[in-house]
Amino acid sequence: MVRLVKGKNLVLLLLFVFLFASGCAEENTKPAAEGSNASEALAEPQDNVSQDNVASGSGENYIVYLEYYNATTQSVSRSELDISAGDTVSWWSKKRQGTYTLVSEENLFPDQELTYRVPYSCTFNNPGTYFFTVKDVPEMNVTIRVS
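Under the working numbering, the first residue of the sequence shown carries the number 74, and numbering increases by one thereafter.
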């Protein structure tokens, strides 16, 4: 009887370990497309594109990663980006816990709360220089020049 109870406990323990470990596994992203003119091609579909920002043409796609290393070290993968009208920029948060709030200084869109691996995309149809910051993290800012 004692051996049967220990066996059930072991099975339950293994089941919980498996369930916990499967929830912690990272998904693989697709490699960047070869031959693309974009410095980094989109690796995943644009899940969070507002209808106002959908490209009408066949512009290039760019990614800006919001990197989180620790509470004192955070950065963006690109602080400046030169693109053409019709190109799309997607912001991706690499912060596993918590969010970043993306702010358009020109009010192109309302402040966007970015969660881990859920992008926000914007297509730039008008030439100009646009500035973006991350709320409460002054060193995380991006300048996008559209020609």
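Even for Gly, the Cβ is constructed at its ideal location relative to N, Cα and C.
Along the chain, where does the beta strand (DSSP E) that runs through ARG169 open and close?
Position 96 of the sequence shown, counted from the start, is the residue given in the question as residue 169. No beta strand (DSSP E) holds ARG169; DSSP gives it neither H nor E.
Tell me where the beta strand (DSSP E) around SER154 begins and ends.
Translated into positions along the sequence shown, residue 154 becomes position 81. Residue 154 is actually Leu in this sequence, not Ser. Looking at the DSSP string, the run of the beta strand (DSSP E) that includes LEU154 is 153-156.
Which stretch, first to last residue, makes up the beta strand (DSSP E) that contains THR216?
Against the sequence shown, residue 216 aligns to sequence position 143. Taken as a continuous stretch (DSSP letters only), the beta strand (DSSP E) holding THR216 covers 210-219.
Compare the C-alpha of TRP164 against each of VAL207, PRO211, GLY132, ARG218 and name the closest.
Residue numbering aside, residue 164 sits at position 91 when the sequence shown is read from its first letter. Residue VAL207 is the option with its Cα nearest to TRP164.
Return the chain-ordered list of same chain residues with a C-beta closer than 6 angstroms to the C-beta of SER148, the five sequence neighbours on each side being excluded.
Your numbering for residue 148 matches position 75 in the sequence shown. Cβ neighbours of SER148 beyond the five flanking positions: GLU140.
Please check the pair SER220 and SER152, which I expect to be a contact at CB under 8 angstroms, by giving their CB distance rounded to whole angstroms.
On the sequence shown, position 147 is the one that residue 220 refers to. On the sequence shown, position 79 is the one that residue 152 refers to. Not really, about 18 angstroms apart at Cβ, beyond 8 angstroms.
What first and last residue would you give for the beta strand (DSSP E) that runs through ASN143?
Counted from its first residue, the sequence shown places residue 143 at position 70. Looking at the DSSP string, the run of the beta strand (DSSP E) that includes ASN143 is 134-143.
Can you list, in chain order, the residues of its chain with a C-beta nearer than 8 angstroms to that of LEU154? Leave out the 5 residues immediately preceding and following it.
Reading the sequence shown from its first residue, position 81 is the one you call residue 154. Counting only Cβ-Cβ distances below 8 angstroms, and skipping sequence neighbours, we find TYR135, VAL137, VAL162, VAL215, THR216, ILE217, ARG218.
Have a look at ARG169 and THR146 and give me their C-alpha separation to the nearest angstrom.
In the sequence shown, the residue the question calls residue 169 occupies position 96. In the sequence shown, the residue the question calls residue 146 occupies position 73. Each residue's alpha carbon lies about 14 angstroms from the other.
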